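A.B. asks: Taken in order, these protein sequences are the chains called P and L.
Position in the first sequence (first residue = 1) + 6 = the numbering used here.
Position in the second sequence (first residue = 1) + 6 = the numbering used here.
Right, I'll just put the structure down here and ask away after.
There are 2 protein chains.
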Amino acid sequence: MPRFKAIIQYDGTNYAGFQIQKNGRTIQEELEKTLKKLNSGTRVTIHPSGRTDAGVHAVGQVIHFDMLHPRDAEKLRYALDTQTPHDINITSVEEVDEMFHARYMSTEKTYHYRVDRSPTKSPFKRLYTSHYQYDLDLDVMREAAKDIVGTHDFSIFCATGSSVEDKTRTVYEVRIEEQPDHELLFIFRGNGFLYKMVRMLVGTLLKIGGGRLPQDAIQRALESQDKKMTGPTAHPQGLYLMEVKYDKPLD
Amino acid sequence: MPRFKAIIQYDGTNYAGFQIQKNGRTIQEELEKTLKKLNSGTRVTIHPSGRTDAGVHAVGQVIHFDMLHPRDAEKLRYALDTQTPHDINITSVEEVDEMFHARYMSTEKTYHYRVDRSPTKSPFKRLYTSHYQYDLDLDVMREAAKDIVGTHDFSIFCATGSSVEDKTRTVYEVRIEEQPDHELLFIFRGNGFLYKMVRMLVGTLLKIGGGRLPQDAIQRALESQDKKMTGPTAHPQGLYLMEVKYDKPLD
């Protein structure tokens with residue numbers, strides 16, 4: 007059966023997350039419903055590079071799936087794009103080797119986290135940023151962010167409910183950029199991230215920036231696995247899965 | 007009774023427009039519901055600078071209303087802001103002379119219209135721009151836009167259903183700007199605009215830019231009132247009421 011890799015975007019606002027579940031609409035459900043119609047009524051199972059939570063967005067999520075019959079990739083992209091709801095966009099579809107796996111073979115992921123620092127909460131940003139109106143010391147936050155980079159056991163920054171056993175991850179880069187219109191952009195790049203890890207790191211960095219945790223809180227949290235050295239989990243609506251990389255094409 | 011002027015923002019996505027109506031939630035309804043609670047249970051009627059349609063947004067809509075008792079303006083703003091839904095934002099509240107009228111005394115309005123020209127429709131822009139993927143000749147559109155400026159009888163650019171008798175308006179400026187991320191921004195500034203006038207003008211300019219109407223179509227439409235010289239009404243989600251000006255403060 008031919009295997010396809012697709013890059014997709016979605017506005018996570020109206021979804022209960024990526025993965026199919028009993029209560030609430032999900033991205034997977036919408037995509038599989040459409041793919042089934044395009045696959046002569048036979049069910050198609052979608053495998054994402056990783057799940058995203060309710061309210062979390064994606065600009066470059068990667069999925070793979072198998073179809074019964076060969077298909078022209080661009081025609082498949084167009085059919086999938088036009089037949090899924092407007093808040094899901096199919097950026098590209100390509101046929102790949104049957105050994106390709108969107109989750110197990112990913113080598114790098116980039117997440118963005120947008121914080122709106124306007125004095126009042128904008129109605130246009132409420133679903134796409136997290137609002138934070140207090141003072142922040144960006145220099146202190148940038149110093150603290152350096153402690154995230156490298157290979158660490160990130161168990162303390164993993165929410166309960168994860169079934170992953172090995173909680174060691176390598177973070178290549180953490181950048182904090184000031185953007186126009188009172189926005190702060192956090193950029194995380196690494197070989198993988200644990201359940202809610204980015205949001206817990208952002209929550210901790212904001213608490214450090216506001217002076218309510220010491221500058222070396224992240225280093226101490228990683229060393230001692232002490233929960234008191236971490237901040238709250240930042241809201242889902244600021245988070246974007248931007249890009250997933252694979253070492254080399256297999257096809 | 008003290009009169010208050012307020013500047014408000016709203017994301018029009020989840021509303022059936024500004025004005026109270028039988029079917030569907032409206033901005034006016036939400037604001038009046040909250041104001042009634044803040045006014046000892048007595049109904050407060052809101053007067054906007056003008057109505058906006060379903061899906062249309064506002065960054066600087068102006069309203070006025072009367073309260074039974076004197077109030078601290080900033081405390082009133084805060085109460086109104088926090089007790090209305092997240093997609094409505096109260097930017098400012100000030101007490102004004104009892105002769106002030108948000109609609110009759112406005113002297114200038116600015117509207118923006120955002121067009122997304124990306125090859126594919128972005129899930130993040132679907133509610134905040136109108137998508138247009140075809141080629142456009144911006145020079146021709148900018149020439150055509152000059153025919154809008156000035157004092158004209160704009161009846162041909164007024165949707166049916168308007169009860170306004172005098173359809174003469176003065177447009178001070180029409181600008182078409184290229185923005186980052188494949189966006190086109192239309193800026194309209196005038197002493198007032200008729201029902202759906204901005205959206206009909208944008209629809210006509212796009213049709214001119216696409217070569218499906220002559221460059222002088224607007225001039226001919228205004229002269230002959232010929233409907234064939236106009237384009238379709240552009241979608242509501244690209245439209246923003248940006249600012250309403252009043253000659254001088256009365257208080």
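Backbone N, C-alpha and C define an ideal beta-carbon position, used for all residues, glycine too.
Keep in mind the model is a prediction, meaning the values are calculated, not measured.
Who are the Cβ neighbours of P/Arg181 in its own chain at under 7 angstroms, not counting the five residues just before and after it?
C.D. replies: Taking the first residue of the first sequence as 1, we reach residue 181 of chain P at position 175. Hits under 7 angstroms: Ile193.
A.B. asks: Grab me the residues of L/Lys251's own chain with a C-beta within less than 6 angstroms of its C-beta, minus the 5 sequence neighbours each way, in chain order.
C.D. replies: For this step, residue 251 of chain L is matched to residue 245 along the second sequence. Thr113 and Glu114.
A.B. asks: Are the Cβ atoms of L/Leu190 and L/Arg123 separated by less than 8 angstroms?
C.D. replies: In the second sequence, residue 190 of chain L corresponds to position 184, counting from 1. In the second sequence, residue 123 of chain L corresponds to position 117, counting from 1. A Cβ-Cβ contact shorter than 8 angstroms links L/Leu190 with L/Arg123.
A.B. asks: For a contact meaning CB atoms closer than 8 angstroms, what does L/Gln15 contact in chain P?
C.D. replies: Taking the first residue of the second sequence as 1, we reach residue 15 of chain L at position 9. Those are Ser128, Pro129 and Phe130, listed as they occur along chain P.
A.B. asks: Thinking C-alpha only, which one of L/Ala151, L/Pro8 and L/Gln25 is nearest L/Pro76?
C.D. replies: Indexing the second sequence from 1 puts residue 76 of chain L at position 70. Comparing Cα-Cα distances from L/Pro76 to each of L/Ala151, L/Pro8 and L/Gln25, the minimum goes to L/Pro8.
A.B. asks: In the structure shown, what three-state DSSP assignment does P/Asp257 receive?
C.D. replies: The residue given as residue 257 of chain P occupies position 251 in the first sequence. Unreliable positioning characterises P/Asp257 in this predicted model, as indicated by a pLDDT of 48, which lies under 50. A coordinate reading is not provided.
A.B. asks: Using a beta-carbon distance cut-off of less than 9 angstroms, what residues from the segment 92 to 107 of chain L approach chain P?
C.D. replies: His92, Asp93, Ile94, Asn95, Ile96 and Thr97
A.B. asks: Please classify L/Lys28 as buried or exposed, where buried requires at least 16 neighbouring CB atoms within 10 angstroms.
C.D. replies: Taking the first residue of the second sequence as position 1, residue 28 of chain L is located at position 22. Flag for L/Lys28 reads exposed.
A.B. asks: My assumption, with CB atoms under 8 angstroms, is that P/Asp135 sits in contact with P/Val121. Please give the rounded CB distance.
C.D. replies: Here residue 135 of chain P is taken as the residue at index 129 of the first sequence, counted from 1. Here residue 121 of chain P is taken as the residue at index 115 of the first sequence, counted from 1. For the sequence presented, residue 135 of chain P should be read as Thr rather than Asp. With a Cβ gap of about 6 angstroms, P/Thr135 and P/Val121 count as contacting.
A.B. asks: Under 8 angstroms, with one C-beta from each stretch per pair, do the segment 51 to 61 of chain P and the segment 17 to 27 of chain P reach the 3-pair mark?
C.D. replies: yes
A.B. asks: Say whether chain P places a C-beta atom closer than 8 angstroms to the C-beta of L/Asp122.
C.D. replies: Counting from 1 along the second sequence, the entry for residue 122 of chain L is found at position 116. Chain P, which has no Cβ nearer than 8 angstroms to the Cβ of L/Asp122, makes this no.
A.B. asks: Under a CB-based cut-off of 8 angstroms, is P/Tyr201 close to chain L?
C.D. replies: On the first sequence, residue 201 of chain P is found 195 positions in, with the first residue counted as 1. Cβ-Cβ to chain L under 8 angstroms: no for P/Tyr201.
A.B. asks: Hey, does L/Pro242 have any beta-carbon neighbour from chain P nearer than 8 angstroms?
C.D. replies: For the purposes of this step, residue 242 of chain L is taken as the residue at position 236 of the second sequence. For L/Pro242, the answer is no, since every Cβ of chain P falls outside 8 angstroms of its Cβ.
A.B. asks: Using a C-beta to C-beta distance shorter than 8 angstroms, which residues of chain P count as neighbours of L/Tyr134?
C.D. replies: Working through the second sequence from its first residue, we reach residue 134 of chain L at position 128. Under the 8 angstroms cutoff, chain P gives Phe130.
A.B. asks: Could you tell me whether any Cβ in chain L is nearer than 8 angstroms to the Cβ of P/Asp87?
C.D. replies: The residue given as residue 87 of chain P occupies position 81 in the first sequence. Judged by the 8 angstroms Cβ criterion, P/Asp87 is in contact with chain L.
A.B. asks: Closer than 6 angstroms by C-beta to L/Asp257: which residues in its own chain qualify, once you throw out the five before and the five after it? Chain order, please.
C.D. replies: What you label residue 257 of chain L is simply residue 251 of the second sequence in a count that begins at 1. Summary for L/Asp257: the model assigns pLDDT 48, below 50, so the residue's position carries little reliability, and this model does not support an answer.
A.B. asks: Taking only heavy atoms of the ligand MG into account, decide whether any of them is closer than 7 angstroms to the Cβ of P/Arg57.
C.D. replies: Absence of the ligand MG is noted for the structure shown, with no ligands found whatsoever.
A.B. asks: P/Ser161 by DSSP, collapsed to three states: which one?
C.D. replies: In the first sequence, the residue the question calls residue 161 of chain P occupies position 155. In the structure shown, P/Ser161 sits in a helix (DSSP, three-state: H, G or I).
A.B. asks: Compute the beta-carbon to beta-carbon distance between L/Val65 and L/Tyr178, rounded to the nearest angstrom, for a pair I have assumed lies under 8 angstroms.
C.D. replies: Sequence index remark: in the second sequence, residue 65 of chain L carries index 59 (1-based). Sequence index remark: in the second sequence, residue 178 of chain L carries index 172 (1-based). Incorrect: roughly 19 angstroms between the Cβ atoms, too far for contact.
A.B. asks: Which residues in the same chain as L/Gln231 place their Cβ atom closer than 7 angstroms to its Cβ, once the five residues preceding and following it in sequence are excluded?
C.D. replies: In the second sequence, counting from the first residue as 1, residue 231 of chain L sits at position 225. Counting only Cβ-Cβ distances below 7 angstroms, and skipping sequence neighbours, we find Ser161 and Ile162.
A.B. asks: Buried or exposed for P/Asp141, going by 16 or more other Cβ atoms inside 10 Å?
C.D. replies: Stepping through the first sequence from its first residue, residue 141 of chain P is reached at position 135. Classification of P/Asp141: exposed, given that the 10 Å Cβ count is below 16.
A.B. asks: May I have the straight-line CA-CA distance separating P/Val170 from P/His158, to the nearest angstrom?
C.D. replies: Locating residue 170 of chain P in the first sequence gives position 164, where the first residue counts as 1. Locating residue 158 of chain P in the first sequence gives position 152, where the first residue counts as 1. The alpha-carbon atoms of P/Val170 and P/His158 are separated by roughly 15 angstroms.
A.B. asks: Note down, one range per segment and in chain order, each alpha helix (DSSP H) of at least 4 residues found wholly within the segment 78 to 162 of chain P.
C.D. replies: 79 to 89 and 144 to 151
A.B. asks: Mark L/Ser259 as exposed unless 16 or more other C-beta atoms lie within 10 angstroms of its C-beta, in which case mark it buried.
C.D. replies: A question about residue 259 of chain L goes unanswered here, because the residues of chain L that appear run from 7 up to 257.
A.B. asks: Less than 8 angstroms between the beta carbons of P/Thr97 and P/Gln15, yes or no?
C.D. replies: If you number the first sequence from 1, residue 97 of chain P lands on position 91. If you number the first sequence from 1, residue 15 of chain P lands on position 9. Yes, they are a contact pair.
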